[in-house]
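Plus 16 on top of the position in the sequence shown (first one is 1) and you've got our numbering.
Working notes, structure below.
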Amino acid sequence: MYKLFFATAFAIALSTGPAIAQMELSENFKVTGFIDMSVLSDDGELGMALDQLEWDFMVELGEGLGVQADIQGNAQGNAELEEAFLSYDAGDGLSLVAGKYLSVSGWETAEPTGLYQYSTSATLVYGGYQNGVGVNYSTDKFGLFGSVVTSVWDGTDTSLEELGFEAQLTVKPVEQITAKIAYLYEDMGGFNQGLVNAWAAYFGGPLTLAAEVNLLNNWGADGNGGLGLLGMINYGISDKIGITGRFSSLDVDNAPETISEFTISPSYAVTENWGLIAEVKFISDGAGDPAQFALESLISF
């Protein structure tokens, strides 16, 4: 099985073409995106797929006003408008956003281009894509963000009957350190679900360190609490080679077991826009403790 896994992984690496540079169609119109493919062995079950294809369209309309729309698809033929919003830079650090946009919460990003490894963590409880309006104020060392949304965690919800709220404080005491704490709240009808997300990261040359805590309140049910933890280290061995180690866990009151995982993920930059990421993940969930092996080919443009 593992010989087949690595043979297929090698085939996907060879079949992936060179990267495409960012396309600037005019001074005010840009297109970016990525193609994400992977081979995954999940507890011995082997699969290979186009995980995601995304196009991001950005238009600057002048006087601080801009619009962005992101479209994504996958191997199953599913395509959707992931987000679409307008932004307005009012000057002096103040900006506005309105439409469907991604929550600001969480250390790990929603897209593979922002991750340090192939998979997301066990404590991925952040807000999702949201319909709403938000206000941001930022300086070099301090930032505040607040938004009112139709739902914090459900991007398909457009009803104004049960609203959600999100607020985040950002602190950058020195150039190498960023810390953020966010509070997310949503009226779920019969109860109010909440999340406190806090993370801090150190960026020092080839070394990146990150730690995160998630405190869950009324998570999916009244009185159901939980705790999520994450620790990550990434080191750039050279301009082309890096390696990431990550531990994460999620303990929820009404779950039979605590879920935890440990990940090792080396990466290689073939070109500036094309990267190969390998990963070994060991999972402890009380249900067989599966292991996952993956190789990802990621092209950004």
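Yeah, the Cβ is synthetic: ideal placement off N, Cα and C, and Gly gets one too.
Given that a residue counts as buried once 16 or more other Cβ atoms are within 10 Å of its Cβ, and exposed if not, what is residue i?
{"i": "A81", "result": "The displayed chain sequence assigns Leu, not Ala, to residue 81. It counts as exposed."}
{"i": "K116", "result": "buried"}
{"i": "N250", "result": "buried"}
{"i": "A303", "result": "exposed"}
{"i": "I293", "result": "buried"}
{"i": "V187", "result": "exposed"}
{"i": "I299", "result": "buried"}
{"i": "I315", "result": "buried"}
{"i": "K196", "result": "buried"}
{"i": "E191", "result": "exposed"}
{"i": "L223", "result": "exposed"}
{"i": "G63", "result": "exposed"}
{"i": "K297", "result": "buried"}
{"i": "N44", "result": "exposed"}
{"i": "V268", "result": "buried"}
{"i": "L213", "result": "According to the sequence provided, residue 213 is Asn. The question's Leu does not apply to it. So N213 counts as buried."}
{"i": "Q209", "result": "buried"}
{"i": "E312", "result": "buried"}
{"i": "S54", "result": "buried"}
{"i": "L176", "result": "exposed"}
{"i": "L77", "result": "exposed"}
{"i": "V141", "result": "buried"}
Quick one: give me the first and last residue of the beta strand (DSSP E) that residue i is part of.
{"i": "N230", "result": "223-233"}
{"i": "N147", "result": "145-154"}
{"i": "W123", "result": "Element bounds for W123: n/a, residue is neither H nor E."}
{"i": "I299", "result": "290-300"}
{"i": "A65", "result": "61-78"}
{"i": "L217", "result": "The identity of residue 217 in the sequence shown is Ala, whereas the question assumes Leu. Where A217 is concerned, the enclosing beta strand (DSSP E) stretches over 208-220."}
{"i": "F317", "result": "Per DSSP, F317 belongs to no beta strand (DSSP E) and is neither H nor E."}
{"i": "G242", "result": "242-252"}
{"i": "L140", "result": "Element bounds for L140: n/a, residue is neither H nor E."}
{"i": "A106", "result": "95-107"}
Considering only the beta carbon of each residue, do residue i and residue j sit closer than 7 Å?
{"i": "F50", "j": "T129", "result": "yes"}
{"i": "D52", "j": "D67", "result": "yes"}
{"i": "Q88", "j": "E98", "result": "yes"}
{"i": "F101", "j": "V120", "result": "no"}
{"i": "N152", "j": "T166", "result": "no"}
{"i": "A307", "j": "Y134", "result": "no"}
{"i": "S264", "j": "A138", "result": "yes"}
{"i": "F161", "j": "Q184", "result": "yes"}
{"i": "N289", "j": "N270", "result": "no"}
{"i": "L225", "j": "G244", "result": "no"}
{"i": "S163", "j": "G144", "result": "no"}
{"i": "Y132", "j": "T260", "result": "yes"}
{"i": "W123", "j": "W215", "result": "yes"}
{"i": "G109", "j": "S154", "result": "yes"}
{"i": "A126", "j": "A91", "result": "no"}
{"i": "E273", "j": "D305", "result": "no"}
{"i": "G180", "j": "V168", "result": "yes"}
What did DSSP end up calling residue i once you bin it into helix, strand or coil?
{"i": "P282", "result": "strand"}
{"i": "T129", "result": "helix"}
{"i": "S31", "result": "Residue confidence is low: S31 scores 39 on pLDDT, short of 50, so the model does not pin down where it sits. Its coordinate-derived value is still stated next. The answer is helix: DSSP assigns S31 an H, G or I state."}
{"i": "I257", "result": "strand"}
{"i": "W319", "result": "A question about residue 319 goes unanswered here, because the residues of the chain that appear run from 17 up to 317."}
{"i": "D177", "result": "According to the sequence as given, residue 177 is Glu; it is not Asp. If DSSP states are grouped into helix, strand and coil, E177 belongs with coil."}
{"i": "N90", "result": "coil"}
{"i": "E182", "result": "strand"}
{"i": "G159", "result": "strand"}
{"i": "T48", "result": "strand"}
{"i": "V190", "result": "coil"}
{"i": "S265", "result": "strand"}
{"i": "Y199", "result": "strand"}
{"i": "A37", "result": "A caution first: A37 carries a pLDDT of 47, below 50, which makes its placement in the model unreliable, though a value can still be read off. Coil, per DSSP."}
{"i": "E318", "result": "There is simply no residue 318 to check, as the chain begins at 17 and stops at 317 in what is shown."}
{"i": "D58", "result": "strand"}
{"i": "M53", "result": "strand"}
{"i": "S135", "result": "coil"}
{"i": "G205", "result": "coil"}
{"i": "E312", "result": "strand"}
{"i": "G236", "result": "coil"}
{"i": "A307", "result": "strand"}
{"i": "A85", "result": "strand"}
{"i": "E273", "result": "coil"}
Determine, using beta-carbon pairs with one atom in the segment 227-234 and one in the segment 198-212, whether at least three such pairs fall under 8 Å. Touching, per the Cβ criterion.
For the structure I just gave you, are there three or more beta carbon pairs, one from the segment 277-296 and one from the segment 253-261, closer than 8 Å? Yes, the segment 277-296 is in contact with the segment 253-261.
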